[in-house]
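Counting from 233, one number per residue, gives the positions in the sequence shown under our numbering. Notes follow the structure.
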Amino acid sequence: MEAGVERVRESIARACQRAGRDPGTVTLVAISKGQPVEAVRAANAAGLRHFGENRIQEAVPKTEAAKAAGVEATWHLVGHLQSNKAKAAASSFDVIHSVDSLKLLARLDGAAPAPRDVLLQVNIAAEPQKQGVAADEVAALVEAAREAANLRLRGLMTIAPIAADPEDVRPVFRDLRELAERFALTDLSMGMTDDFEVAIEEGATLVRVGRAIFGERTT
Numbered sequence: 233m234e235a236g237v238e239r240v241r242e243s244i245a246r247a248c249q250r251a252g253r254d255p256g257t258v259t260l261v262a263i264s265k266g267q268p269v270e271a272v273r274a275a276n277a278a279g280l281r282h283f284g285e286n287r288i289q290e291a292v293p294k295t296e297a298a299k300a301a302g303v304e305a306t307w308h309l310v311g312h313l314q315s316n317k318a319k320a321a322a323s324s325f326d327v328i329h330s331v332d333s334l335k336l337l338a339r340l341d342g343a344a345p346a347p348r349d350v351l352l353q354v355n356i357a358a359e360p361q362k363q364g365v366a367a368d369e370v371a372a373l374v375e376a377a378r379e380a381a382n383l384r385l386r387g388l389m390t391i392a393p394i395a396a397d398p399e400d401v402r403p404v405f406r407d408l409r410e411l412a413e414r415f416a417l418t419d420l421s422m423g424m425t426d427d428f429e430v431a432i433e434e435g436a437t438l439v440r441v442g443r444a445i446f447g448e449r450t451t
């Protein structure tokens, strides 16, 4: 575990050096989907403080068990969130990366027990099988999020297409950065195990890495 974490951190540092960035501007979110609490504890002991989950039904008991086990962490929801699960998400997560509708924004705003950080998920590559709003729909969500009483709009999130060469998805990351700049948004959640270095070079501030830390999932 420690070796995997160190390799990822070294990769982050190299990408930041190439981009002329401070590695401290990039947050490593360890994607613990499908991992037991023991693995989360080990990653926490290796110095990781941010964990990401995809599914509410798995994440809620896991976050509770991790907290009971002494894990001190910031929890990120990175998977699709249905509006009828907004209350559970607002109670269990500190940061929600996958806001993709006005209805969900309103539900989260009403359910949050305290101000919650949110990012808007954008389907910047216009893939029909993926969640997220189109680029031309972002303005309305930005306006609504900024008016929400219990939400803090941090930025944008995207999931890039699968590609054999990470360079092939560089334009996707660049497009998201340029979209965020239009709305003066500073955080970009983009980049996973296979492409996070390119994402960092294009401005990512949150990278979502699972396999390079935990290994291949068995579930």
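Think of the CB as a built atom: it goes at the ideal place given N, C-alpha and C, for glycine as much as any other residue.
Would you mind stating whether residue i and residue j have Cβ atoms separated by less than 8 Å?
i      : j      : result
Asp419 : Arg440 : no
Ser421 : Leu351 : yes
Glu429 : Pro393 : no
Val365 : Asp349 : no
Phe452 : Ala300 : Any answer about residue 452 is impossible in this case: the structure gives the chain only from 233 up to 451.
Please list the terminal residues of the continuous beta strand (DSSP E) segment that includes residue i.
i      : result
Asp368 : Where Asp368 is concerned, there is no enclosing beta strand (DSSP E), given that its DSSP letter is neither H nor E.
Val331 : Val327 to Val331
Gly284 : His282 to Glu285
Asp419 : Asp419 to Ser421
Val310 : Taken as a continuous stretch (DSSP letters only), Val310 belongs to no beta strand (DSSP E), as it is neither H nor E.
Can you tell me the Cα-Cα spacing of residue i and residue j, whole angstroms?
i      : j      : result
Pro268 : Val331 : 26 Å
Ala377 : Lys317 : 18 Å
Ala275 : Ile445 : 8 Å
Ala372 : Val303 : 37 Å
Ala247 : Ile432 : 6 Å
Gly342 : Ile391 : 27 Å
Lys335 : Ser315 : 7 Å
Val237 : Val374 : 34 Å
Arg239 : Asp368 : 38 Å
Ala297 : Ala338 : 29 Å
Could you please give the first and the last residue of the uninterrupted alpha helix (DSSP H) stretch that includes residue i?
i      : result
Ser323 : Ala318 to Ser324
Leu337 : Leu334 to Ala343
Val430 : Phe428 to Glu433
Residue i and residue j look like a contact to me (Cβ under 8 Å); what is the Cβ gap, rounded to whole Å?
i      : j      : result
Glu434 : Arg409 : 6 Å
Asn382 : Ala344 : 4 Å
Ser324 : Ala346 : Contact doesn't hold; Cβ gap of about 12 Å is too wide.
Phe405 : Ala380 : With 8 Å as the limit, Phe405 and Ala380 do not qualify as a contact, their Cβ atoms being about 27 Å apart.
Ala320 : Leu340 : Between Leu340 and Ala320 the Cβ distance is about 11 Å, and since that is not below 8 Å, they are no contact.
Leu388 : Ala412 : 5 Å
Going along the chain, which unbroken runs of the beta strand (DSSP E) with 3 or more residues stay wholly within the stretch 346 to 410? 348 to 353 and 383 to 389
Give, in chain order, every unbroken run of the beta strand (DSSP E) that is at least 3 residues long and sits entirely within the stretch 239 to 286. Qualifying beta strand (DSSP E) stretches, in chain order: 259 to 263 and 282 to 285.
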